[in-house]
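Here's the structure we're looking at; comments come further down.
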Amino acid sequence: MAGRLLAGRAAAMLPSGRAVLPALHARWSSGSTPFTLTERAAALQRQLAQEHRLASPPESPPPAPPSPQFPPEVLAEWLLAFDAALRDPSARRAADALLLLDGASATESECITALRLCAEAKNGAMALALLERLVAVGHPPRLRAVEHAVRACAAAGDVERMWQCFALAERHAVELHPRVLKYGFQTCRRAEDRGASERLWARMRRAALLPCGVGLRHVVAQCAEAGEWRVGVQKLREMAEAGGRTSAIHWSAVIAGAIRDRQLEEAEALLDELPPYERDPSPFNAVLNGYSALWASGRLETERIANAEALLQRMAARQVLPDVTTYSTLIKLHVFNVQRVEQLLAEMQAAGIERDINVYAHASKAFLFSKRTADADALMHAMREAGIVPNAWFYQATITAAHSVGLLDYADALYRRAVGNGIKL
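Counting in full-length UniProt numbering, the sequence shown runs from 1 upward without gaps.
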């Protein structure tokens with residue numbers, strides 16, 4: 001895809017509109033020569049430079065520059081070769097021979113395109129090398145170049161080279177920016193390096209900056225994933241005090257971390273810190289999921305259900321509408337109360353909320369626990385009519401429910417139906 005885009009761009013830049021690049025690319029990609037990728041790159045460099053010199057006017061030729069002034073189609077050819085080298089695991093060193101996008105040849109646009117290719121190839125090392133090469137030939141990095149270089153480090157989870165990119169940017173007075181920090185925090189998260197994330201956060205705050213929404217999501221999610229969800233809560237409070245904006249996705253991450261840590265009461269209390277403008281139900285869904293988890297059975301079932309119903313009232317008071325996940329979790333909680341399940345299904349229909357496979361599975365279990373097989377069959381038929389195909393998890397859940405209440409023939413029929421549909425149980 002990158003090659004086709006570059007080819008089209010180069011063809012458009014030719015004065016005569018001739019399609020020179022396809023022939024050049026065919027020459028590059030031809031496997032008729034026994035050269036290695038590095039040797040082919042060097043040979044192509046010599047051949048293209050020679051052709052360019054022959055095409056120049058014979059009279060009064062200017063002094064040869066340090067690097068050949070290649071025309072646009074040749075620059076695009078080098079980008080194609082650069083991309084090919086990045087994506088060939090057996091020839092990564094060949095990219096060194098392709099770094100001809102120097103100050104005498106390439107525009108800033110070509111350089112940024114090459115850095116973007118590094119990011120797509122998850123090659124932070126080559127992105128840093130290219131950034132350093134551009135500096136060496138007189139192209140001081142700009143924000144976009146640094147952004148793509150750090151993005152390449154993020155894709156590779158390369159914390160060491162991320163810091164080198166930031167240091168290079170600082171030496172050349174490229175100021176920190178939230179969209180670059182976003183990729184920095186992603187790098188730390190992918191590398192599971194909480195220390196690096198904390199250092200980057202401190203550096204950001206010293207610069208009187210706040211992260212963008214995506215950057216903040218990486219920070220708090222990494223805290224929660226590391227079992228340090230309370231640190232994530234502190235970050236969110238710090239954002240609020242500094243006038244920053246948090247969202248449900250940020251609070252959901254720390255609430256889910258609290259629930260994984262079995263701190264259900266603290267998770268419930270965090271709902272009070274949600275920003276008043278937030279209408280997303282996902283933080284409430286996370287707490288509901290905590291009620292339905294098996295480890296929550298330390299609370300009496302009636303208490304857990306009462307808490308879930310109270311949570312619905314809190315949602316209504318904040319004008320937060322339930323979604324399909326809310327209803328799925330509620331039906332799971334009320335699986336032994338088929339009347340309440342029917343009521344919840346009716347509420348979903350009235351609100352125009354489409355059911356997903358989780359809703360169908362938990363509701364089918366509720367009907368089977370009540371030995372209402374006809375209603376369970378009707379629900380499964382409605383699921384197929386809605387275009388939702390039962391999977392192995394669905395069949396296992398319903399077969400287990402039927403078997404647990406003595407509906408052995410029904411469970412056997414479900415098993416045979418699953419096997420007949422090619423599902424392995």
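Even glycine gets a Cβ: it sits at the ideal position worked out from N, Cα and C.
Review point. With 16 as the cutoff for other CB atoms within 10 Å, does phenylalanine 336 come out buried or exposed?
Key: Here phenylalanine 336 is exposed. Its C-beta has fewer than 16 other C-beta atoms within 10 Å.
Practice item. Could you check the C-alpha separation between tyrosine 327 and leucine 379 for me, to the nearest Å? Key: CA-CA distance, tyrosine 327 to leucine 379, rounds to 16 Å.
Review point. Nearest to histidine 403 by CA position, among Val419, Arg384, Lys371 and Arg417, is which residue?
Key: Check the Cα spacing between histidine 403 and each of Val419, Arg384, Lys371 and Arg417: the tightest is with Lys371.
Check your understanding: In whole angstroms, what is the alpha-carbon distance linking isoleucine 255 and glutamate 273?
Key -> Straight-line Cα distance between these residues: approximately 11 Å.
Practice item. Measure the CB-CB distance between glutamine 234 and arginine 194 and report whether it falls below 8 Å. Key: Against a cut-off of 8 Å, the Cβ pair of arginine 194 and glutamine 234 comes out as no contact.
**Study point:** Rounded C-alpha distance that separates arginine 245 from methionine 239
**Key:** In this model, arginine 245 and methionine 239 are separated by some 7 Å (Cα to Cα).
**Study point:** For glutamate 301, the three-state DSSP class (helix, strand or coil)
**Key:** DSSP places glutamate 301 in helix when its eight states are reduced to three.
Check your understanding: Which residues bound the alpha helix (DSSP H) around phenylalanine 166?
Key -> From DSSP, the alpha helix (DSSP H) with phenylalanine 166 extends over 159-171.
Practice item. Less than 8 Å between the CB atoms is what I'm expecting for alanine 376 and valine 338, so what's the real figure, rounded? Key: About 10 Å; that fails the 8 Å criterion.
Check your understanding: For cysteine 212, which of helix, strand or coil comes out of DSSP?
Key -> Cysteine 212: coil per DSSP, three-state reduction.
Exercise for review: Could you have a look at residue 439 and say whether DSSP puts it in helix, strand or coil?
Suggested key: With the chain covering 1 to 425 only, the question about residue 439 has no answer from this structure.
Check your understanding: Is it the case that the Cβ atoms of valine 220 and threonine 187 are separated by a distance below 8 Å?
Key -> No, Cβ-Cβ distance for valine 220 and threonine 187 is not below 8 Å.
Check your understanding: At which residue ranges does the segment 111-139 contain complete beta strand (DSSP E) runs of 3 or more residues, listed in the order of the chain?
Key -> Inside the segment 111-139, DSSP marks no whole beta strand (DSSP E) run of 3 or more residues.
Practice item. State the Cα-Cα distance for the pair lysine 122 and proline 275, rounded to the nearest angstrom. Key: Taking C-alpha positions only, lysine 122 is separated from proline 275 by approximately 36 Å.
**Study point:** Span of the alpha helix (DSSP H) around glutamate 342
**Key:** That run of the alpha helix (DSSP H) goes 338-351.
Check your understanding: Do you know how far the Cα of methionine 383 is from the Cα of glycine 257?
Key -> Straight-line Cα distance between these residues: approximately 33 Å.
Point to revise | Whether leucine 271 touches phenylalanine 284 by CB criterion (8 Å) | key: Against a cut-off of 8 Å, the Cβ pair of phenylalanine 284 and leucine 271 comes out as a contact.
**Study point:** Proximity winner among Leu312, Glu147 and Arg205, relative to methionine 162 (alpha-carbon distances)
**Key:** A check of alpha carbon separations from methionine 162 across Leu312, Glu147 and Arg205 identifies Glu147 as the nearest.
Exercise for review: Identify, in the order they occur along the chain, each residue of the same chain with its Cβ nearer than 7 Å to the Cβ of arginine 151, setting aside the five sequence neighbours on each side.
Suggested key: Non-local beta-carbon contacts of arginine 151 in its own chain, meaning distances under 7 Å to residues more than five positions away in sequence, involve Ala119 and Tyr183 in chain order.
Exercise for review: Note down the Cα distance separating serine 197 from valine 419, rounded to an integer number of angstroms.
Suggested key: Going by C-alpha positions, serine 197 is about 49 Å away from valine 419.
Check your understanding: In whole angstroms, what is the alpha-carbon distance linking tryptophan 393 and aspartate 412?
Key -> Rounded to whole angstroms, tryptophan 393 to aspartate 412 spans 16 Å at the Cα level.
Review point. Nearest-angstrom Cα distance between tyrosine 415 and leucine 210?
Key: Rounded to the nearest whole angstrom, the C-alpha separation of tyrosine 415 and leucine 210 is 55 Å.
Point to revise | Contact under 8 Å by Cβ, leucine 344 with leucine 321 | key: Contact check for leucine 344 against leucine 321 fails: the beta carbons are separated by 8 Å or more.
**Study point:** Of the residues Ala154, Leu181 and Ala208, the one placed nearest leucine 200, counting alpha carbons only
**Key:** For the residues Ala154, Leu181 and Ala208, the minimum Cα distance to leucine 200 belongs to Leu181.
Check your understanding: What separation, rounded to the nearest whole angstrom, lies between the Cα atoms of alanine 11 and glycine 243?
Key -> Any reading at alanine 11 needs caution, since the residue's pLDDT is 38, under 50, leaving its predicted position unreliable; the model's value is listed next. The alpha-carbon atoms of alanine 11 and glycine 243 are separated by roughly 49 Å.
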